[in-house]
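S.K.:
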Amino acid sequence: MKAMKSKWLALFLAVIMTFTLLPSVVFAAGADTGVAKIGDQTYNSVAEAITAAGSNATTIELTQNVSEDVTIPQGANITLYIPEGITLTNKAGHTITNNGTLTVTGAGTVDNVTHAKGALVNYGTAILEGATFTRSAEASTSTTSSGGNSWYVIDNHGTMTITGTANVVNNGYFSSLIRNIGTADAASSLTVSGNATLRQDNFIALKNDDYGNVAVTGGTITSNEQAIQNWSQASISGGALNGQVITWSYEGFASATEISGNAVVNGNVVAVNYDGGTSIPSVTIKGGTITGEISKATYNNGLQPAAPDAASSSIVVSGGTFSNAVDSNFFADNFYLHQNPDGSYSVHEHNMVMKYDSENHWYECSVCGEKADISAHTFGEWNITKEATATEAGSREKVCSVCGYQVVEEIPATGDASSAPTEEMTNGTTTTDTDVNSANPQTGDNSYVFLGIALLCLSGAGLAGTVIFRKKYSK
Ligand SMILES: [Zn+2]
Ligand SMILES: [Zn+2]
Numbered sequence: 090m091k092a093m094k095s096k097w098l099a100l101f102l103a104v105i106m107t108f109t110l111l112p113s114v115v116f117a118a119g120a121d122t123g124v125a126k127i128g129d130q131t132y133n134s135v136a137e138a139i140t141a142a143g144s145n146a147t148t149i150e151l152t153q154n155v156s157e158d159v160t161i162p163q164g165a166n167i168t169l170y171i172p173e174g175i176t177l178t179n180k181a182g183h184t185i186t187n188n189g190t191l192t193v194t195g196a197g198t199v200d201n202v203t204h205a206k207g208a209l210v211n212y213g214t215a216i217l218e219g220a221t222f223t224r225s226a227e228a229s230t231s232t233t234s235s236g237g238n239s240w241y242v243i244d245n246h247g248t249m250t251i252t253g254t255a256n257v258v259n260n261g262y263f264s265s266l267i268r269n270i271g272t273a274d275a276a277s278s279l280t281v282s283g284n285a286t287l288r289q290d291n292f293i294a295l296k297n298d299d300y301g302n303v304a305v306t307g308g309t310i311t312s313n314e315q316a317i318q319n320w321s322q323a324s325i326s327g328g329a330l331n332g333q334v335i336t337w338s339y340e341g342f343a344s345a346t347e348i349s350g351n352a353v354v355n356g357n358v359v360a361v362n363y364d365g366g367t368s369i370p371s372v373t374i375k376g377g378t379i380t381g382e383i384s385k386a387t388y389n390n391g392l393q394p395a396a397p398d399a400a401s402s403s404i405v406v407s408g409g410t411f412s413n414a415v416d417s418n419f420f421a422d423n424f425y426l427h428q429n430p431d432g433s434y435s436v437h438e439h440n441m442v443m444k445y446d447s448e449n450h451w452y453e454c455s456v457c458g459e460k461a462d463i464s465a466h467t468f469g470e471w472n473i474t475k476e477a478t479a480t481e482a483g484s485r486e487k488v489c490s491v492c493g494y495q496v497v498e499e500i501p502a503t504g505d506a507s508s509a510p511t512e513e514m515t516n517g518t519t520t521t522d523t524d525v526n527s528a529n530p531q532t533g534d535n536s537y538v539f540l541g542i543a544l545l546c547l548s549g550a551g552l553a554g555t556v557i558f559r560k561k562y563s564k
């Protein structure tokens, strides 16, 4: 039994040693010989790994901090995984220049420390799902002072999506955090979605330049200056923009911003005609929530407010919720302001439906309750819908020709032969004439008949005489 135990113990120890040694061997190889790996294969530079990947869709993982200017060539399809705690920093140029297809994942960092260079310049297709992009040596101090080290963190000329948990952040005062710029032949496209965060407190966060298309469907864009400066086409249907959204135009470059859906703008929305040209900025608000003011402006050494009806800018509001009342000049046709119970404002298209009471008819908005065109009913002639008989009441109605309001009245029964007053009448005796002339008000079932006769008398002696004559003649 002792020998058996020793044998098993030895085997056990051998197994333990194998498992404990194995990882340290792999780690040692990575630490000594490579900065990146594809699967188990390590590479001494990101460039070597990219070359090895060729045109195959390949994930390259950074295994330690790297200082390198990385270029993704046309035709390559690289996923760059940068684990938390690892930073890719440039040497002298842009940190990453993408001409192919690039996806960035992980919780690490892409940094650029050189003046006039960016962390990522994209000419191909880039999807940023993770990582922090920044310029840690940014030295600008104002809009006129670069401090010798300032530029965009990201410059997009191609197609880019910033999504997932990607984070683009900088502390510049001179360069926009992100520039999106295309050419007359090929517009650039930038989408911000998911839980992405873009933040530059003291200067423009996202500058959408000439021939640029921006779509914000999610994420958070923060700047005390301009969250979005749009010179081209921007669609904001989601996400949160903490800062102003300003749409600028200059001659030959009309611009357009549409705000809709669940977008939240915690800031002003302004349409600025930069040079007084005929190409105007256009802001369309179809939804979303806006806490700031909505206004038009021109630019002449600073923003100058323009009248709400100025033709130099266009603002059309047909939806959305606002902390401040929106100027009626901005409402789309047939849209009106409405204050909500919580004090906020919204706009809606009047849905005017006809309403009435016993006196009047009018139009009333089913949304806000506004009334218009209150006027008295216009009744036509009484229409007898059921003739009264001696024993049964009839009915008559009149209808308003405008609203259809209907008044229905009962016509009392004419009374039967056993009824004393009627009997006298039908007998055509002098008693009847006396009764008619006396026009005594009667109560009960016969009142209608007597009232009718009384009215005939009042309407004129001639008419009354005719009735009497006819009665006598027909006898
Ligand atoms: Zn209304
Ligand atoms: Zn009416």
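In terms of my numbering, the sequence shown opens at residue 90 and continues consecutively. Note that CB positions come from ideal geometry on N, CA and C, so glycine has one too.
Should VAL406 be listed as close to ligand 1, given that the test is whether its C-beta is under 7 Å from any heavy atom?
M.R.: Numbered from 1 along the sequence shown, position 317 holds the residue referred to as residue 406. False, no ligand heavy atom lies under 7 Å from that Cβ.
S.K.: If you run the structure through DSSP and keep just helix, strand and coil, what is ILE317?
M.R.: To locate residue 317, count along the sequence shown from 1; it is residue 228. Strand, per DSSP.
S.K.: Pull the bridge partners of ASN259 from the DSSP assignment, please.
M.R.: Counting from 1 along the sequence shown, the entry for residue 259 is found at position 170. Paired residue(s): none; ASN259 is not in a bridge.
S.K.: Quick check on DSSP: helix, strand or coil for VAL359?
M.R.: For the purposes of this step, residue 359 is taken as residue 270 along the sequence shown, with counting starting at 1. VAL359 falls in the strand class under three-state DSSP.
S.K.: If you follow the alpha helix (DSSP H) that MET138 is in, where does it begin and where does it stop?
M.R.: On the sequence shown, residue 138 is found 49 positions in, with the first residue counted as 1. This sequence places Ala at residue 138; Met is not what is there. Going by DSSP, ALA138 is part of the alpha helix (DSSP H) stretching over 135–142.
S.K.: Over the uninterrupted beta strand (DSSP E) stretch that includes PRO370, give me the two end residues.
M.R.: Sequence index remark: in the sequence shown, residue 370 carries index 281 (1-based). Where PRO370 is concerned, the enclosing beta strand (DSSP E) stretches over 370–379.
S.K.: Could you check what DSSP says for SER401 in three-state terms: helix, strand or coil?
M.R.: In the sequence shown, residue 401 corresponds to position 312, counting from 1. In this structure, SER401 counts as coil in the three-state DSSP scheme.
S.K.: Rounded to a whole number of angstroms, what is the C-alpha to C-alpha distance between LEU279 and VAL159?
M.R.: As a position in the sequence shown, residue 279 is number 190, starting the count at 1. As a position in the sequence shown, residue 159 is number 70, starting the count at 1. Taking the straight line joining both Cα atoms gives about 21 Å.
S.K.: Using only alpha-carbon positions, find the residue among GLU499, CYS454 and LEU426 that is nearest to HIS569.
M.R.: Residue coverage of the chain in this structure runs from 90 to 564, which leaves residue 569 outside it and unanswerable.
S.K.: Which residue spans inside the region 261–342 form an unbroken beta strand (DSSP E) run of at least 3?
M.R.: Qualifying beta strand (DSSP E) stretches, in chain order: 267–269, 277–281, 286–288, 295–297, 301–305, 309–319, 322–325 and 329–338.
S.K.: Within a Cβ cutoff of 7 Å, which residues of the same chain sit near ASN259, ignoring the five residues on either side of it in sequence?
M.R.: Taking the first residue of the sequence shown as 1, we reach residue 259 at position 170. The residues THR223, ARG224, GLU227, VAL242, LEU266 and GLN289, in chain order, have a CB closer than 7 Å to that of ASN259 in the same chain once the five nearest residues on each side in sequence are set aside.
S.K.: Evaluate contact between the region 368–382 and the region 346–357, counting only Cβ atoms and requiring at least three cross-stretch pairs below 8 Å.
M.R.: yes
S.K.: Put ASN187 into one of helix, strand or coil per three-state DSSP.
M.R.: The count along the sequence shown starts at 1 and reaches residue 187 at position 98. In the structure shown, ASN187 sits in a strand (DSSP, three-state: E or B).
S.K.: Which residue wins for smallest C-alpha separation from ASN389, given the options GLY365, ILE374 and GLY408?
M.R.: Numbered from its first residue, the sequence shown carries residue 389 at position 300. Answer by Cα proximity: GLY365.
S.K.: Sort out for me which residues DSSP pairs ARG485 with in a bridge.
M.R.: In the sequence shown, the residue the question calls residue 485 occupies position 396. DSSP output for ARG485 lists ILE473 and GLU498 as bridge partner(s).
S.K.: Hey, out of ALA196, SER229, THR367 and THR214, whose CA is closest to THR221's CA?
M.R.: Counting from 1 along the sequence shown, the entry for residue 221 is found at position 132. Ranking the options by Cα distance to THR221, first place goes to ALA196.
S.K.: What residues in its chain sit with their C-beta under 8 Å from that of GLU173, if we drop five residues either side in the sequence?
M.R.: In the sequence shown, residue 173 corresponds to position 84, counting from 1. Excluding positions up to five away in sequence, the list reads GLY195, ALA196 and GLY197.
S.K.: Does the pairing of the region 397–404 with the region 431–447 give three or more beta-carbon distances under 8 Å?
M.R.: Touching, no.
S.K.: So ASN351 and THR387 are in contact, right, with Cβ under 8 Å, and what is the actual spacing, rounded?
M.R.: Along the sequence shown, one-based indexing puts residue 351 at 262. Along the sequence shown, one-based indexing puts residue 387 at 298. So it is not a contact: roughly 32 Å between Cβ atoms.
S.K.: Whose C-alpha, out of ALA421, LYS444, SER447 and MET443, is nearest the C-alpha of HIS437?
M.R.: Residue mapping note: residue 437 aligns to position 348 of the sequence shown, counting from 1. Among ALA421, LYS444, SER447 and MET443, the Cα nearest to that of HIS437 belongs to ALA421.
S.K.: Below 7 Å CB to CB, which residues in the same chain sit around ARG485 once its five sequence neighbours on both sides are set aside?
M.R.: Residue 485 sits at position 396 when you count from the first residue of the sequence shown. Excluding sequence positions up to five before and after ARG485, its CB lies within less than 7 Å of the CB of TRP471, ASN472, ILE473, THR474, GLU498 and ILE500, all in the same chain and listed in chain order.
S.K.: Less than 7 Å between C-beta atoms, sequence neighbours within five positions excluded: which residues of the same chain meet that for LEU110?
M.R.: Position 21 of the sequence shown, counted from the start, is the residue given in the question as residue 110. Unreliable placement is indicated for LEU110, whose pLDDT of 47 sits below 50; no coordinate value is reported for it.
S.K.: Ignore the nearest five residues each way along the sequence and tell me which others in ALA502's own chain have a CB closer than 7 Å to its CB.
M.R.: Position 413 of the sequence shown, counted from the start, is the residue given in the question as residue 502. Apart from sequence neighbours up to five positions away, the residues of its chain that approach ALA502 with a beta-carbon distance below 7 Å are ALA477, THR478, ALA479, THR480, GLU481, ALA482 and ASP534, ordered along the chain.
S.K.: Tell whether a beta-carbon distance below 8 Å holds between ILE175 and ILE161.
M.R.: The sequence position of residue 175 within the sequence shown is 86, counting from 1. The sequence position of residue 161 within the sequence shown is 72, counting from 1. No, they are not a contact pair.
S.K.: DSSP on ASN166, reduced to helix/strand/coil?
M.R.: For the purposes of this step, residue 166 is taken as the residue at position 77 of the sequence shown. ASN166 falls in the strand class under three-state DSSP.
S.K.: If you reduce the DSSP assignment to three classes, tell me which class PHE468 lands in.
M.R.: For the purposes of this step, residue 468 is taken as residue 379 along the sequence shown, with counting starting at 1. Of the three classes helix, strand and coil, the one that applies to PHE468 here is strand, per DSSP.
S.K.: Just to check my reading of the structure: GLY469 and VAL496 have Cβ atoms closer than 8 Å, yes? What is that Cβ distance to the nearest angstrom?
M.R.: Mapped onto the sequence shown, residue 469 falls at position 380. Mapped onto the sequence shown, residue 496 falls at position 407. Not a contact, Cβ separation roughly 11 Å.
S.K.: Go through its chain and collect everything with a Cβ distance to ALA118's Cβ below 7 Å, but skip five positions before and after it.
M.R.: To locate residue 118, count along the sequence shown from 1; it is residue 29. Reliability fails at ALA118, whose pLDDT of 43 lies under 50, so the model's placement of it is uncertain and no value is given.
S.K.: If the criterion is Cβ atoms closer than 8 Å, does the pair ASP244 and GLY213 meet it?
M.R.: Your numbering for residue 244 matches position 155 in the sequence shown. Your numbering for residue 213 matches position 124 in the sequence shown. Not in contact: ASP244 and GLY213 (Cβ atoms no closer than 8 Å).
S.K.: Any chance the CB of VAL456 is under 7 Å from a heavy atom of ligand 4?
M.R.: Ligands present in the displayed structure are limited to ligand 1 and ligand 2, and ligand 4 is not among them.
S.K.: Report whether the distance from the Cβ of GLU498 to the nearest heavy atom of ligand 1 is below 7 Å.
M.R.: Counting from 1 along the sequence shown, the entry for residue 498 is found at position 409. Because no heavy atom of ligand 1 lies under 7 Å away, the Cβ of GLU498 does not count as near it: no.
S.K.: DSSP three-state label for ASN245, please.
M.R.: Taking the sequence shown and counting its residues from 1, the one referred to as residue 245 is at position 156. The answer is strand: DSSP assigns ASN245 an E or B state.
S.K.: Taking TYR434 as part of the beta strand (DSSP E), name the residues at either end of that continuous run.
M.R.: Within the sequence shown, the letter at position 345 stands for residue 434. Its beta strand (DSSP E) spans residues 434–438.
S.K.: For GLU459, count the other beta carbons within 10 Å of its own beta carbon; 16 or more makes it buried, fewer makes it exposed. Which is it?
M.R.: Residue 459 sits at position 370 when you count from the first residue of the sequence shown. It is exposed - the Cβ of GLU459 has fewer than 16 other Cβ atoms within 10 Å.
S.K.: Hey, GLU347 and THR373 are a contact pair by Cβ (cut 8 Å); roughly how many whole angstroms apart?
M.R.: Stepping through the sequence shown from its first residue, residue 347 is reached at position 258. Stepping through the sequence shown from its first residue, residue 373 is reached at position 284. 5 Å between Cβ atoms; contact.
S.K.: On the DSSP bridge assignment, give the partners of ILE463 in chain order.
M.R.: Your numbering for residue 463 matches position 374 in the sequence shown. Note: ILE463 sits in no beta bridge, so no partner.
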